[in-house]
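Using my numbering, you'd call the opening residue of the first sequence number 7 and step up by one each time. Each residue gets a CB set at the ideal place from its N, CA and C atoms; glycine is no exception. Just so you know, these numbers come straight off a predicted model, no measurement behind them. Encoded as structure tokens, the structure appears first; notes follow it.
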Amino acid sequence: MEYRFNEIEEKWKKIWEEKGLYKVTEDPANPKYYVLDMFPYPSGAGLHVGHPLGYVASDIYARYKRLKGFNVLHPMGYDAFGLPAEQYAIETGTHPAITTDTAIKRYREQLDKIGFSFDWSRQVKTCEPAYYKWTQWIFLKLFNSWYNREADKAESIESLISRFEKEGCAAGSPLERVGAKTFTSTEWKAFSEGDKQQVLMCYRLAYLSYAEVNWCEALGTVLANDEVKDGKSERGGHPVERRKMRQWFLRITEYSDRLLDALDKLDWPEAMKEMQRNWIGRSEGASVNFKLETSNAQLEVFTTRPDTIFGATFMVIAPEHELVEQLTTAEQKAEIEKYIAYVKSRSDVERQQEKKVTGAFTGSCAINPFTQQPIPIWIAEYVLAGYGTGAIMAVPADDERDRKFAEKFGLPIVDIIDKSMHPGATIEDKVGKMINSGFLNGMEVKDAIKAVIDELEKRGIGKRKVNYKQRDAGYSRQRYWGEPFPIKYKVQGEPDPPFAGGENDDIPMALSENDLPLVLPEVSSYKPGGDGRSPLANNADWVKAGYETDTMPGYAGSSWYFLRYMDANNPDEFAAKDKINYWKNVDIYFGGAEHAVGHLLYSRMWHKFLFDLGYVPTDEPFQKLVNQGMIQGVSKFAYYLVNTRQFVSLNIFKSLMQYPEKKDELKNNKWGINFEKLWNENLYKGDIKEYQNTIVIQDPHVLIDLVGSEGELDVAGFKKWRPIYSNAGFDLLEEGKYYCGSAVEKMSKSKYNVVNPDDVIEKHGADCFRMFEMFLGPIEQSKPWDDKGISGVSNFLRKFWRLFYDDSRFKVVDEAPTEAELKVLHKHIKKVTEDIEKLSYNTCVSSFMIATNELNALNSSKRAILQPLLVTLAPFAPFITEELWAALGNKESIHTAAFPVFEQKYLVEISHDYGVSINGKVRAQITLPLDISEEDAKAQVLALENVMKWTNGNPPKKFIFVRGRIINVVV
RNA sequence: GCCGUGGUGGUGGAACUGGUAGACACGCAGGACUUAAAAUCCUGUGAGCCUCAAAGCUCGUGCGGGUUCGAUUCCCGCCCGCGGUACCA
């Protein structure tokens with residue numbers, strides 16, 4: 007009987023669906039295991055072969071764990087709020103919900119074809135009110151919480167209020183916050199409700215604040231730091247500028263230390279952890295207060311190198327620093343104003359691209375607390391207002407940027423560290439002896455750092471301090487297609503709520519939990535609502551009711567979805583406590599590396615927050631993380647000469663590009679082309695600077711389907727596909743054929759290099775598709791899609807089928823297996839078990855091929871061999887294994903089988919290979935039993951004919967055992 | 001620049017804690033079956049040398065050193081690719 011994958015796949019898909027085979031319930035009798043994929047954003051383009059790579063990998067793991075007896079949670083859902091659907095809505099007027107729904111249906115169809123074992127009854131869609139009700143609910147919890155630094159955890163805001171009532175908030179107390187006022191308990195009680203709310207806003211974990219944000223004019227919205235790349239928006243590449251707006255923020259910085267420290271316990275790729283560490287950017291140092299020469303004010307700087315204070319020959323503050331005005335003297339006023347105007351004129355893009363050494367002198371000086379020398383204070387754009395205190399002490403001798411600055415403006419440079427003992431040492435190495443540094447002289451750098459901080463603290467002018475690069479996360483988006491905030495402001499014309507503030511500083515009131523969900527309303531237009539407001543401002547009723555018009559960012563719904571899967575349909579809680587306590591956290595999480603500092607960081611914070619409030623039993627959401635690589639597309643190009651609209655085949659094109667240099671070589675070319683003529687006719691003579699010696703070539707992408715395996719183009723098909731080229735010339739051919747160029751790029755519709763999994767499945771079957779994707783290479787590696795090798799997997803599946811079926815009959819027999827067959831089986835079980843655990847799926851697939859070939863050679867079709875073999879294949883190829891499992895007479899699905907365990911006795915590992923080398927020159931190997939003693943091994947080696955030959959019949963003088971295994975023989 | 005990660009045949013990729021480098025697959029070459037093709041099966045396939053043949057030898061895991069009886073694996077110094085990040089004091 008023939009292996010007909012199409013029929014088999016149809017049949018079993020239906021049966022699985024009917025039986026609800028992959029539905030999972032909490033079962034305390036069995037150990038749980040939670041296998042999660044990063045849920046997709048359902049884009050209109052559908053899936054390409056790259057998307058399922060991670061899903062296949064996780065599905066194999068989930069199926070394997072099930073066969074191993076675990077109760078496996080393996081859900082799937084959709085991250086359904088997002089920009090593309092909204093952009094589409096702006097263009098076409100179609101409601102994003104409709105676009106999203108269509109895309110989801112298509113995704114589901116494509117996913118179903120691949121044979122995943124998802125429990126669809128737990129599906130979540132972040133855009134559904136039943137889901138975002140709980141996103142809003144968590145937001146309210148964040149809003150109504152503060153971070154208690156003494157207990158090092160989040161607590162209800164009520165506990166803060168009662169402490170204010172009892173003790174107030176004294177300067178220097180653990181309750182004090184930078185930028186917030188201090189007060190006594192009596193003062194607190196006397197505050198108006200509005201004043202109190204304003205104070206509390208400095209503590210809430212979700213809070214409103216004016217802050218510089220990344221404003222993108224083109225998108226009409228604010229972007230998070232990680233949505234901005236090189237001064238441009240990640241989506242669309244539009245320019246981004248800084249702008250002050252009133253925004254919601256999450257106080258993620260309160261969690262910086264915990265987010266950082268817990269990384270060590272996580273089983274994540276080093277690169278991921280490193281990215282998070284860099285993002286959090288913890289650095290230890292000291293803050294130092296410098297007295298000013300002419301006033302009583304102080305200038306606070308942050309430095310990681312307080313030991314270099316004797317070399318601080320000038321200070322630099324950010325142009326936006328609050329003291330700039332006060333520090334600027336009358337004489338310098340004009341210059342400072344000119345400089346600030348210059349800085350403002352520089353866009354972020356310019357700042358990042360050309361790093362000029364610029365600055366201006368304020369005219370004021372600070373006093374070095376140790377030398378009492380005056381230090382001039384400058385402003386410069388290289389000091390950032392947002393980091394540290396926005397002011398630095400510049401040490402030109404030991405800081406690259408400070409030195410450049412000093413050199414440009416003729417400021418003194420004083421060496422303070424003698425690094426002569428450490429040639430090649432960099433500043434970061436923190437080595438050398440202090441010189442020219444008063445009481446620090448002669449100390450090693452590391453001792454000096456400690457000594458100087460002690461001294462600063464003693465004198466009360468500085469203290470140890472830790473700084474973070476990480477900022478609080480912007481949480482407002484001026485977009486329609488997102489979660490509405492469960493927040494109301496003061497309403498015009500209605501009586502003020504008890505604590506409404508001023509006109510533009512209305513104090514937000516949280517909705518009651520009972521009012522959730524606050525459903526996203528319809529709007530008359532999806533275009534931005536003006537004044538930087540979201541399209542929700544286009545809904546008059548919404549505005550009139552005083553609701554917040556911004557919506558939550560894309561990461562809101564994805565920061566906790568893994569918890570919702572635990573109890574996806576619960577209307578009363580985000581998930582019931584007993585279910586959370588059963589599933590606990592995600593054991594293994596598959597997803598792309600691009601979410602390293604976005605989703606993965608926010609999720610960790612939310613999870614820690616919910617842990618603090620006692621809603622989840624673990625403080626980390628994702629124990630193990632696996633980054634699957636990307637599958638890239640191979641793009642094809644056709645080249646044509648712009649002047650003549652003449653297409654040029656690849657090799658002719660290459661020759662043409664090197665024409666002037668290889669003039670002579672190309673004279674008598676195999677294509678009989680007159681390159682000189684071609685070159686002269688097509689030399690672009692316009693802008694000589696740019697195009698000198700170059701021919702203008704356009705290289706439009708070509709639909710990959712039109713290109714053969716050798717790169718030859720279907721010219722007729724191409725002309726039909728791109729009518730604008732229907733009259734173009736195709737005369738410059740190689741032996742009558744046009745060959746395309748190619749490049750490996752990200753798969754994308756616009757590059758016409760997308761391979762649709764549906765096509766592959768149609769041709770080779772889902773099992774083959776799954777196995778081939780795994781066979782391509784290690785899952786964490788990115789690689790181009792190349793279906794040349796797919797026949798290998800396809801052949802394997804047919805060979806495997808033939809272990810069970812002849813041309814005409816089912817040939818499995820119930821005879822007892824031979825020793826040889828058992829060895830093949832158990833070697834394979836061992837290999838597959840170990841490799842699945844290591845996620846080394848490509849070598850697993852190899853093991854299947856080897857086992858199949860070996861059994862074929864043994865002409866074996868014994869049930870006792872094939873049945874366990876089948877189970878090991880089940881995670882990889884669910885359809886074919888289900889079919890053959892049934893053919894073996896099993897009534898239940900193979901899903902319920904137990905993964906076989908290998909038996910040591912069948913494994914060939916009953917001996918050791920001993921390497922024998924003589925004086926390090928000759929080497930031989932003999933095989934001895936595992937349990938042999940050293941003496942016996944020596945005797946055996948001596949008996950080894952070769953040894954006696956090599957040593958001219960003299961017995962070796964000395965044997966060297968390495969770990970009881972390797973013998974060296976010294977003559 | 002800094003951080004991370006990788007570099008192995010014509011190709012994708014294997015190789016346990018340092019122990020016969022190149023598993024498995026693709027491709028290619030030859031053969032069997034066939035009128036033929038497809039499919040299937042068998043053989044060979046890192047480079048070079050030597051031999052009628054069998055056998056044997058040398059070189060080979062980015063480059064240069066080192067440790068070791070023995071290195072793709074460990075150490076030192078470079079080169080290149082990929083990913084992240086960047087006036088972060």
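Distance between beta carbons of residue j and residue i, contact taken as under 8 angstroms
i	j	result
residue 473	residue 301	Not really, about 26 angstroms apart at Cβ, beyond 8 angstroms.
residue 200	residue 224	About 37 angstroms; that fails the 8 angstroms criterion.
residue 478	residue 160	That belief does not hold up - the Cβ atoms of residue 478 and residue 160 are roughly 14 angstroms apart, past 8 angstroms.
residue 393	residue 475	7 angstroms
residue 620	residue 138	That belief does not hold up - the Cβ atoms of residue 620 and residue 138 are roughly 23 angstroms apart, past 8 angstroms.
residue 81	residue 125	5 angstroms
residue 315	residue 219	About 35 angstroms; that fails the 8 angstroms criterion.
residue 85	residue 60	Contact doesn't hold; Cβ gap of about 14 angstroms is too wide.
Distance between residue j and residue i (C-alpha atoms, nearest Å)
i	j	result
residue 691	residue 734	Low confidence applies here, because residue 691 scores a pLDDT of 49, under 50, leaving its location unreliable; read the following figure in that light. Rounded to the nearest angstrom, the two C-alpha atoms are 22 angstroms apart.
residue 408	residue 471	22 angstroms
residue 806	residue 868	13 angstroms
residue 745	residue 715	10 angstroms
residue 833	residue 908	8 angstroms
residue 420	residue 318	8 angstroms
residue 861	residue 737	55 angstroms
residue 15	residue 748	35 angstroms
residue 396	residue 381	17 angstroms
residue 687	residue 730	23 angstroms
residue 552	residue 204	19 angstroms
residue 399	residue 313	11 angstroms
residue 9	residue 88	43 angstroms
residue 597	residue 26	26 angstroms
residue 96	residue 663	44 angstroms
residue 911	residue 874	17 angstroms
residue 753	residue 762	10 angstroms
Buried/exposed call for residue i, threshold 16 Cβ in 10 Å
i	result
residue 7	exposed
residue 20	exposed
residue 558	buried
residue 216	exposed
residue 759	buried
residue 119	buried
residue 155	exposed
residue 283	exposed
residue 726	exposed
residue 141	buried
residue 556	buried
residue 184	exposed
residue 916	Confidence at residue 916 is low in this model, with a pLDDT of 48, below 50, so the placement of that residue is unreliable and no value is reported for it.
Continuous alpha helix (DSSP H) stretch holding residue i: start and end
i	result
residue 134	Note, residue 134: premise wrong, no alpha helix (DSSP H); not H, not E.
residue 587	583-589
residue 839	825-843
residue 98	89-98
residue 160	Here residue 160 belongs to no alpha helix (DSSP H); instead the beta strand (DSSP E) covers 159-162.
residue 859	847-863
residue 351	339-351
residue 723	721-727
Span of the beta strand (DSSP E) around residue i
i	result
residue 593	592-597
residue 399	397-400
Identity of the residue in the options nearest residue i by Cα
i	options	result
residue 62	859, 845, 899 and 356	845
residue 516	539, 69, 369 and 147	147
residue 654	599, 742 and 606	742
residue 883	675, 221, 252 and 770	770
residue 608	636, 628, 842 and 170	628
Any non-hydrogen atom of the ligand HEM closer than 7 angstroms to residue i Cβ
i	result
residue 563	The ligand HEM is not part of this structure, which contains no ligands at all.
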